[in-house]
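All the letters of the sequence shown, read from the start, carry residue numbers 1 to 692 under UniProt numbering.
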Amino acid sequence: GEDGNTASSVTARDAIGFSLNYYMGDYKNIDVTKLSFAEAGAYLQDYKPQYGGNISNMHMGIKGLGTMLYNYGHDQLNRLVSMNAFNAFDSLTNQWSSAKPPVAAGKYGESITYDGNGNIQSYNRDGDKAGANVAMDRLHYSYIAGTNKLDHIVDDVTDNSRYATDLESQPVGNYDYDAIGNMIKDTSEKISKIVWTVYGKIKRIEKTDGVNIDYTYDVSGGRISKTLSGSGVTGGPVTTWYVRDAQGNTLSTYTIKASTITVDEQAVYGSKRLGIRNRNLVLNGTLSISSGTIPNIGIVYDDQMMRGKIQYELSNHLGNVLATISDRKIGVSSPSNNTLIDHYEADIVSAQDYYPFGMVEPGRNFNVGGYRYGFNGKENDNDVKGEGNQQDYGMRIYDPRVGRFLSLDPLIQSFPELTPYQFSSNMPIEAADLDGAEAEVRTIYHSQFTGKPFFEVKSVDNNPFSNPFGSKSYGKSSGHWEVHKYATIQNGLVTYQSNILTTKFVSNDKKDVSMVWGKKVDIDFRIKVAEVAKNLKLDVNYLMSIMAFETGGSFSPSQKNGAGSTATGLIQFMKKTALDMGTTTDALAKMTAVQQLDYVQKYFKNYTGKLTSLEDAYMVVLWPAAATKDNDYVLFNKYETDKNGVKTETLNYKQNAGLDTNGDEQITKEEVSAVIKAKFEAGKKQQNEVKE
């Protein structure tokens with residue numbers, strides 16, 4: 001950027017800057033007079049261009065912390081396996097130069113290995129110290145046999161004095177779990193007991209240092225309060241209350257300690273959270289005066305604007321908070337005349353850089369303002385394991401040093417190929433974890449994975465657009481042409497295939513509809529599903545959540561059941577169900593998603609009157625007999641006993657075992673309801689916007 005230069009000297013200079021590199025020459029300036037992004041491929045022996053969507057390297061500049069280049073390695077499954085760090089940036093030439101030495105002795109480097117399920121097997125992590133002391137972690141993960149549950153971690157670096165925030169060797173059995181798979185103990189972090197709710201939320205943490213932490217939640221799973229109590233809490237219990245809007249966004253926090261109520265923070269939002277205003281305002285305190293009295297003072301209002309109280313967060317493509325700046329700027333005097341301002345700089349309150357899985361890098365952080373949000377933009381629960389070492393993702397709790405969640409993925413059935421404790425599909429540079437449920441790819445060039453177009457070309461109004469297939473006129477309908485151009489990759493080279501160039505006219509006459517999961521489907525699907533939901537008198541958000549769950553978020557009409565049944569399509573039609581509707585699962589699989597919605601409507605028509613809630617609407621798909629039943633209704637038992645007393649596992653339970661969230665060998669309506677509600681909440685992050 002050029003903020004703070006002569007032409008824009010009243011604007012503070014940039015506090016951060018970063019760029020993502022996929023392969024050499026992946027970006028060309030439109031304005032050739034401007035400096036392009038520095039490329040480092042020519043100077044890195046282990047540089048590997050990435051044509052399939054993975055990030056090859058990232059350039060990171062944070063004022064006060066310096067400029068770094070992180071070079072990444074991936075395996076065939078696109079998982080992150082290595083990172084090397086370099087600091088050889090020449091600001092005069094805007095180049096990463098081999099003439100300047102890289103970071104000494106591999107500072108901030110990482111290497112990671114995984115097992116077949118995606119569980120981390122080893123994690124080597126270097127810090128910022130010189131020479132032999134650079135090694136911070138040489139971790140080996142040990143798992144409970146036959147499971148994805150972590151038992152303990154051994155660190156080959158035995159000098160614990162090198163770094164204060166890293167992991168150290170843990171005793172055998174350091175972690176323990178309940179029947180479902182929720183972590184209930186972490187000995188090395190002095191956590192003797194973790195109590196979970198039936199909805200997969202932490203209810204209470206008990207620590208051996210005398211600190212107990214209790215949490216409460218609203219009906220959608222948002223945190224309402226956090227209370228610290230016990231002998232380890234100075235001054236008695238401290239409760240933090242969260243005030244949220246209808247979408248679950250935190251608006252403000254209050255603290256109650258020894259009957260004193262304090263407004264701590266008030267969030268600042270645009271289309272997303274922009275920062276927080278630090279209030280530290282006592283609501284029920286007393287007014288001190290030097291002398292005399294103030295009779296009948298009434299209500300006193302704070303009407304002054306004090307600069308420096310607001311912290312705005314600056315983040316990267318993953319939402320990682322790299323720095324916070326206040327709402328004031330700092331004037332820097334002119335070198336030739338100190339009575340004049342030469343330029344302005346941002347008032348940087350905090351700054352931090354992260355390892356790929358979220359641990360804060362030693363030597364590259366400072367946090368004067370105590371900002372609560374960090375990696376992926378999530379809230380740090382610093383009361384549990386120290387600053388930045390545990391995070392609340394909404395649906396689950398995450399440990400960024402270990403690189404694993406503390407509990408099973410609530411959408412475990414949608415991702416059978418992944419260990420249920422993994423973070424962001426083990427792609428932490430390309431993808432952010434939305435809410436502890438699933439990864440969201442945040443890179444640009446990922447068409448090979450999604451099938452989405454590399455680019456779109458749009459005409460003005462309804463002017464015909466010439467293309468290899470000729471041109472068409474659509475009368476007076478206004479809209480635009482989309483040109484989809486696909487590519488293949490061979491021998492590391494991208495080849496654009498003109499023979500796979502397709503066009504589509506998109507009319508503006510179509511009235512789009514906003515709905516959860518709407519970003520996952522096109523406008524034709526959204527219009528059709530809204531029509532179907534209206535005909536069924538079913539909330540369209542419920543219907544979208546059900547189809548998202550049944551298809552694993554793909555909304556594919558040919559989606560096959562991953563648990564071994566013949567179920568197919570948007571709501572997993574069984575063979576008999578398809579035949580009863582006059583079709584077959586093979587025919588359904590060959591339909592477009594929009595065409596198959598007619599059969600979705602036809603199926604739900606049989607259950608008119610039972611579609612008033614999300615839970616009952618989903619029961620109609622999974623097990624119709626459970627619709628309108630109480631929450632303790634049992635859908636499936638794990639075992640059945642025949643007349644000879646022989647006990648066998650039932651097929652229904654086996655194909656839906658992931659829904660038995662408390663591990664009691666039966667699946668109740670309450671358990672199923674919690675899972676579909678989680679899918680609904682996850683869908684809010686994928687809700688499309690409709691411009692009027």
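Ideal Cβ positions, reconstructed from N, Cα and C, are used throughout, including at glycine.
Own chain, CB closer than 7 angstroms to residue i, minus 5 neighbours either side, in chain order
i, result
"residue 75", "81"
"residue 653", "636, 637, 638, 667"
"residue 191", "185, 205, 207"
"residue 567", "561, 573, 574"
"residue 383", "213, 228"
"residue 78", "54, 427"
"residue 651", "none"
"residue 129", "162"
"residue 658", "412, 413"
"residue 423", "357, 398, 403, 404, 405, 433"
"residue 202", "194, 196, 215, 397"
"residue 551", "559, 570"
"residue 155", "137, 138, 139, 167, 168, 169"
Status (buried if at least 16 other CB within 10 Å, exposed otherwise) for residue i
i, result
"residue 624", "exposed"
"residue 101", "In this prediction, residue 101 scores a pLDDT of 48, lower than 50, which makes its location untrustworthy; the coordinate-derived value is nonetheless stated afterwards. Classification for residue 101: exposed."
"residue 16", "buried"
"residue 399", "buried"
"residue 535", "exposed"
"residue 319", "buried"
"residue 240", "buried"
"residue 308", "exposed"
"residue 27", "exposed"
"residue 420", "buried"
"residue 283", "exposed"
"residue 361", "buried"
"residue 183", "buried"
"residue 391", "buried"
"residue 586", "exposed"
"residue 276", "buried"
8 angstroms CB neighbourhood of residue i in its chain, flanking five on each side removed
i, result
"residue 687", "514, 515, 516, 517, 518, 519"
"residue 527", "510, 511, 512, 513"
"residue 249", "267, 269, 273"
"residue 622", "635, 656, 672"
"residue 676", "545, 546, 549, 614, 615, 618"
"residue 602", "581"
Contacts around residue i, its chain only, beta-carbon distance under 6 angstroms, and the 5 residues preceding and following it disregarded
i, result
"residue 281", "263"
"residue 396", "405, 407, 436"
"residue 609", "none"
"residue 521", "555"
"residue 460", "Confidence at residue 460 is low in this model, with a pLDDT of 31, below 50, so the placement of that residue is unreliable and no value is reported for it."
"residue 170", "152, 153, 188"
"residue 670", "631"
"residue 111", "82, 124"
"residue 365", "352"
"residue 565", "655"
Beta-carbon separation (whole angstroms), residue i vs residue j, contact threshold 8 angstroms
i, j, result
"residue 343", "residue 442", "The Cβ separation is near 32 angstroms, so there is no contact."
"residue 374", "residue 388", "5 angstroms"
"residue 355", "residue 125", "6 angstroms"
"residue 139", "residue 123", "4 angstroms"
"residue 532", "residue 597", "5 angstroms"
"residue 252", "residue 243", "5 angstroms"
"residue 85", "residue 109", "6 angstroms"
"residue 153", "residue 353", "Their Cβ separation, rounded to whole angstroms, is 23 angstroms, which puts residue 153 and residue 353 out of contact at 8 angstroms."
"residue 599", "residue 583", "7 angstroms"
"residue 589", "residue 557", "6 angstroms"
- Item | Residue ranges of each beta strand (DSSP E) within the segment 118-157, 3 or longer | 120-126, 135-143, 150-155
- Task: Please go through the segment 547-598 and give each complete alpha helix (DSSP H) segment of 4 or more residues, from N-terminal end onward.
- Result: 575-580, 585-590
- Task: Please confirm if the segment 331-341 is in contact with the segment 43-63, defined as three or more CB-CB distances below 8 angstroms between the two stretches.
- Result: no
- Is it true that the segment 159-166 meets the segment 140-150, where meeting means three or more beta-carbon pairs spaced less than 8 angstroms apart? no
- Message: Count Cβ pairs between the segment 87-95 and the segment 366-380 that sit closer than 8 angstroms; are there 3 or more?
- Response: no
- Take every Cβ of the segment 58-68, pair it with every Cβ of the segment 8-26, and state whether three or more of those distances are shorter than 8 angstroms. yes
- Residue ranges of each beta strand (DSSP E) within the segment 50-82, 3 or longer: 57-62, 66-74
- Message: I'd like the ranges of any beta strand (DSSP E) spanning at least 3 consecutive residues and lying wholly in the segment 335-393.
- Response: 341-354, 360-367
- Task: Could you tell me which uninterrupted alpha helix (DSSP H) segments, each at least 4 residues in length, are contained entirely in the segment 311-338, listed from first to last along the chain?
- Result: none
- Complete runs of the beta strand (DSSP E) confined to the segment 616-664 [at least 3 residues]: 634-637, 639-641, 647-649
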